[in-house]
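Written out below as structure tokens is the structure these notes cover.
There are 2 protein chains.
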Amino acid sequence: MKMGVAGKEVRLGIIGLGGRGRGQMKTLLSMPDVQVTCVCDLYEDRVQAGIDICREMKGNEPVGTKRYREVLTRDDVDAVVVMTSWTTHLHIATEALRAGKRVAMEVGGAASVDECWQLVRTSEETGIPVMLLENCCYNREEMALLNMVKQGLFGELVHCAGGYQHDLREEIGNGDLARHYRQDNFLNRNGDLYPTHELGPIAKMLNINRGNRMLTLTSTASKARGLSAWLKERRGDSELSKAHVTQGDIVTTVIKCAHGETIVLTHDCTLPRPYSRGLRVQGTKGIYMEDNQSIFLEGKTQPKFDEWLEKNRAELEKNHKGENMDEVIERLRNSAPDWLHEWEKFDGYLKEYEHPLWKVYQEFGLRGGHGGMDYLVLRAFVESVQNQTEPPIDVYDAASWLVITCLSEQSVAMGGAPVAIPDFTDGNWICREAEEPNAYGLSKVFWEKFED
Amino acid sequence: MKMGVAGKEVRLGIIGLGGRGRGQMKTLLSMPDVQVTCVCDLYEDRVQAGIDICREMKGNEPVGTKRYREVLTRDDVDAVVVMTSWTTHLHIATEALRAGKRVAMEVGGAASVDECWQLVRTSEETGIPVMLLENCCYNREEMALLNMVKQGLFGELVHCAGGYQHDLREEIGNGDLARHYRQDNFLNRNGDLYPTHELGPIAKMLNINRGNRMLTLTSTASKARGLSAWLKERRGDSELSKAHVTQGDIVTTVIKCAHGETIVLTHDCTLPRPYSRGLRVQGTKGIYMEDNQSIFLEGKTQPKFDEWLEKNRAELEKNHKGENMDEVIERLRNSAPDWLHEWEKFDGYLKEYEHPLWKVYQEFGLRGGHGGMDYLVLRAFVESVQNQTEPPIDVYDAASWLVITCLSEQSVAMGGAPVAIPDFTDGNWICREAEEPNAYGLSKVFWEKFED
């Protein structure tokens with residue numbers, strides 16, 4: 107396996123060394139041009155685990171600390187990665203900017219609108235960028251779909267849907283009470299706690315903050331039954347089984363965009379189900395659905411039409427004698443009635459419209475967690491630090507995606523009342539340059555090195 | 107084919123003889139105990155077509171009229187079936203009650219809250235029932251799922267979703283301008299114009315108006331692009347191509363119920379797509395999805411677990427030496443972590459939990475349109491007339507399902523503001539008897555006759 111990708115060395119400080127933090131740190135340490143010089147967690151055992159991982163993987167002994175402010179002030183830290191509990195990401199990231207450090211943070215959701223503004227204002231004042239590590243933006247299917255959207259295969263986009271649909275009862279319910287931020291959130295809040303899967307990829311498709319923006323949302327929560335039923339059944343002996351769960355099992359959030367598109371988000375984490383982000387992408391020319399792994403593109407995917415054509419070809423030729431049959435068939439195909447519409451499997455399209463990044467990534471060899479997407483999102487951050495460029499998922503993306511959580515809580519609390527989504531760009535979304543359709547955040551350094 | 111099912115003869119007046127009206131009339135006329143004595147439509151050619159059908163199928167010559175009031179006052183009409191344009195159903199049905207006739211009406215959506223109240227009050231004052239002909243309640247999959255819900259397979263229901271997702275661009279766009287009610291609605295309204303597929307079957311599963319009720323909704327419409335793009339492309343020469351389309355392509359409606367369940371409805375009729383009602387049924391024990399024709403039931407459908415077990419059985423037996431292995435495996439299966447959750451195809455469940463009505467219907471032989479469900483819903487009406495019983499989809503169902511349309515329009519118009527759904531039962535929903543889990547509206551007469 108080629109591992110030759112390397113730029114200028116980046117020295118990172120890692121804040122937050124729970125399961126996710128350690129996993130992501132390992133992926134970062136697998137990069138030859140990354141060093142971790144400082145590790146931080148509130149728990150000493152985790153700090154030690156972080157030091158041990160660095161020693162094993164890189165042979166160096168990073169400084170360990172329980173105080174994140176120590177990480178932010180160190181000269182041997184070029185940039186910081188925040189992977190703490192959800193409600194601390196924005197505060198720590200804002201402080202990192204004030205301390206002059208580039209910062210990346212794991213996903214989650216904001217607890218107040220103001221903490222999002224604080225991040226935006228601090229980034230603007232200091233001129234230092236922030237990156238949100240929304241890995242699903244880098245997943246293979248989502249990137250191929252982005253590619254298809256940019257090439258106009260769906261026509262004008264009208265509607266998208268997606269969600270975080272992941273049975274977390276066991277993770278929440280078996281967790282260690284005192285150290286489990288997910289548990290804390292599910293026992294106290296009620297809203298879309300984890301909106302950025304699948305809002306991130308959808309926002310990129312809809313050019314949010316770059317020619318479009320999210321205007322309003324409504325959010326409705328179902329009753330909360332799944333987690334408490336599970337706790338009673340499996341952990342009847344524990345204090346936790348008596349806990350009152352506030353988080354509704356299904357939270358449905360409907361977002362309206364400036365150019366008229368709608369986005370439906372589903373938060374579904376406390377009922378038994380297979381994992382799905384349930385992505386749906388729909389425009390004037392077709393529709394993609396993750397849940398049946400299928401696509402329908404007008405005039406393109408019509409297997410039923412072909413079947414019909416085979417049966418009726420002779421008669422058709424008789425009726426259209428003297429005409430150009432290819433033209434006749436093409437005309438018919440494009441105007442095929444709705445009962446000839448049929449889903450086609452997405453596999454073929456995935457290969458045909460593979461994102462350029464994923465083409466080279468597959469040659470390079472997938473690595474890191476979650477089917478390879480973790481590596482890509484982390485690499486994009488590392489390269490933005492090396493090259494001192496804007497990260498592909500920037501402070502406006504971060505603020506507008508994360509703010510959905512607290513706005514969703516507000517709407518749920520007010521019986522589904524619509525809530526305005528702030529324009530964190532102060533009107534600049536109208537003129538901000540649309541992203542390169544095929545760059546999507548990894549600089550050429552990565553691929554040139556690989557190509558060498 | 108056995109056709110021996112017959113009770114007391116029912117003489118029907120048919121109001122509305124468009125494509126749907128004529129189709130449903132043919133299904134009614136296929137029943138040996140049904141006569142059509144009067145046919146009515148605003149257009150003379152349709153009246154004549156109706157008379158011709160009766161002559162061909164039954165050998166009688168019904169009275170033909172352009173005035174629906176004439177149908178309502180005739181002594182040779184026992185009951186009336188209203189299959190006119192959407193915005194006239196409720197008015198004509200209410201007048202039928204005032205004239206002392208039992209009435210069934212095709213689906214659609216209400217244009218005002220008050221016309222729903224008028225229907226309810228008139229039915230209460232006259233003591234005459236109304237039936238809504240929501241055929242999807244009688245579809246095979248929906249009835250099997252109702253059966254499963256009533257048997258508790260999904261645990262406590264928490265969330266349902268569904269919609270009318272049907273590419274109607276061709277039907278609307280190629281229609282005759284002056285005579286096309288769907289066209290009129292899409293060019294002037296904006297909301298969920300056609301909510302009862304799939305709200306009807308969902309409402310039955312959630313015991314709406316019988317122990318539960320719908321409290322509020324929010325509704326959000328996307329921009330309207332699909333139909334106008336289609337008209338420009340295909341009918342550029344016509345006046346219609348210049349028409350302004352008001353109806354958003356995708357309207358998402360989120361309903362909250364008294365017992366905390368949420369229902370998400372999608373109206374999706376002007377973008378290219380295969381047909382789907384997108385039913386989703388979700389509870390504390392599992393989930394069904396129409397779109398992948400799959401189901402997951404905790405502790406029941408875990409094919410991945412079986413795979414895992416096969417690979418790890420030897421080690422498991424070593425670790426649990428001396429224990430009852432069946433018990434060990436059962437315990438493990440029930441607590442399998444979420445990554446072992448996997449969809450299972452619904453086919454097997456459909457057969458295992460086939461609704462009793464569908465078992466006998468399949469022996470009897472499916473007939474009528476839409477995969478057989480039209481026949482069942484019409485038969486339920488005919489039998490409720492014969493036996494002078496309450497129809498299975500009654501005036502409270504009709505009012506509360508149809509009112510969703512105008513409430514959705516209100517919410518869309520007010521930027522997604524929540525709107526209260528009236529309690530048409532005046533509080534009686536709390537104590538109204540829950541339906542028999544397996545009867546669902548067809549009287550025994552039908553099956554006894556068949557069994558003879």
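Those sequence lines, one after another, are chains A and B.
Just so we're aligned: 401 in the numbering used here is position 295 of the first sequence, and the numbers increase by one with no gaps anywhere.
Just so we're aligned: 230 in the numbering used here is position 124 of the second sequence, and the numbers increase by one with no gaps anywhere.
Note that the Cβ used here is the ideal one computed from N, Cα and C, for glycine as well.
Where residue i sits in the DSSP three-state scheme
i: E304 of chain B; result: helix
i: A327 of chain B; result: strand
i: H365 of chain B; result: coil
i: K451 of chain B; result: strand
i: Y287 of chain B; result: helix
i: S517 of chain B; result: helix
i: C375 of chain B; result: coil
i: V551 of chain B; result: Interpretation of V551 of chain B is limited by its pLDDT of 49, a score under 50 that renders its predicted location unreliable; the figure taken from the coordinates is listed afterwards. Correct three-state label for V551 of chain B: helix.
i: A217 of chain A; result: coil
i: R117 of chain B; result: strand
i: E539 of chain B; result: coil
i: A112 of chain A; result: coil
i: Q257 of chain B; result: coil
i: Y270 of chain A; result: strand
i: G206 of chain A; result: coil
i: V188 of chain B; result: strand
i: T511 of chain A; result: helix
i: M107 of chain B; result: A caution first: M107 of chain B carries a pLDDT of 30, below 50, which makes its placement in the model unreliable, though a value can still be read off. Reduced to three states, the DSSP call for M107 of chain B is coil.
i: F530 of chain A; result: coil
i: T171 of chain A; result: strand
i: R295 of chain B; result: coil
i: M571 of chain B; result: As shown, chain B starts at 107 and ends at 558. That puts residue 571 of chain B outside it, with no answer to give.
Distance CB(residue i)-CB(residue j) smaller than 7 Å
i: V116 of chain B; j: D184 of chain B; result: yes
i: N398 of chain A; j: N398 of chain B; result: yes
i: G474 of chain B; j: T200 of chain B; result: no
i: V177 of chain B; j: M211 of chain B; result: no
i: I563 of chain B; j: M311 of chain B; result: A query on residue 563 of chain B cannot be resolved here, the shown segment of chain B reaching from 107 to 558 and no further.
i: N315 of chain B; j: H365 of chain B; result: no
i: L123 of chain B; j: R152 of chain B; result: yes
i: G354 of chain A; j: A335 of chain A; result: no
i: G324 of chain A; j: T322 of chain B; result: According to the sequence as given, residue 324 of chain A is Thr; it is not Gly. For T324 of chain A and T322 of chain B, no; Cβs fall outside 7 Å.
i: F402 of chain B; j: W449 of chain B; result: yes
i: C222 of chain B; j: A505 of chain B; result: yes
i: G563 of chain B; j: L508 of chain B; result: An answer regarding residue 563 of chain B cannot be provided, because it is not within the stretch 107 to 558 covered by chain B.
i: I510 of chain B; j: P307 of chain B; result: no
Rounded distance between the beta-carbons of residue j and residue i, thought under 8 Å
i: L371 of chain B; j: L305 of chain B; result: 6 Å
i: L625 of chain A; j: V501 of chain A; result: Outside the shown range of chain A (107 to 558) lies residue 625 of chain A, about which nothing can therefore be said.
i: V213 of chain A; j: A202 of chain A; result: Between A202 of chain A and V213 of chain A the Cβ distance is about 17 Å, and since that is not below 8 Å, they are no contact.
i: V357 of chain A; j: L333 of chain A; result: 13 Å between Cβ atoms; not a contact.
i: S218 of chain A; j: C512 of chain A; result: 6 Å
i: L299 of chain A; j: A349 of chain A; result: Not quite, the Cβ-Cβ distance comes to about 16 Å (not below 8 Å), so this is no contact.
i: H598 of chain B; j: V434 of chain B; result: Nothing in the structure corresponds to residue 598 of chain B, since chain B is present only between 107 and 558.
i: I120 of chain A; j: G113 of chain A; result: About 19 Å; that fails the 8 Å criterion.
i: N440 of chain B; j: G405 of chain B; result: 5 Å
i: C242 of chain B; j: R383 of chain B; result: 7 Å
Contacts of residue i in chain A (Cβ-Cβ under 7 Å)
i: Q154 of chain B; result: Under the 7 Å cutoff, chain A gives no residues; its nearest Cβ is about 27 Å from Q154 of chain B.
i: P380 of chain B; result: F402, H447, E448, W449
i: G366 of chain B; result: S328, K329
Where residue i meets chain B, residues with beta-carbon distance less than 8 Å
i: V264 of chain A; result: S328, K329, R331, G332, D355, I356, L377
i: H272 of chain A; result: D444
Beta-carbon neighbours of residue i, restricted to chain B and to distances below 7 Å
i: N398 of chain A; result: D397, N398
i: T322 of chain A; result: G521, G522
i: V370 of chain A; result: T358
i: G392 of chain A; result: P378
i: E276 of chain A; result: P443, D444
Proximal residues of chain B, C-beta to C-beta of residue i below 9 Å
i: K362 of chain A; result: T326, A327, S328, G521, G522
Does the segment 481-489 of chain A come close enough to the segment 136-155 of chain A that 3 or more CB-CB pairs lie under 8 Å? yes
Can you find at least 3 beta carbon pairs, one from the segment 192-200 of chain A and one from the segment 146-164 of chain A, that sit closer than 8 Å? no
Is it the case that the segment 366-386 of chain A contacts the segment 391-400 of chain B, given that we only count it when at least three CB pairs across the two stretches are under 8 Å? yes
Within 8 Å, do at least three Cβ pairs link the segment 448-468 of chain A to the segment 247-261 of chain A? They touch, by the three-pair rule.
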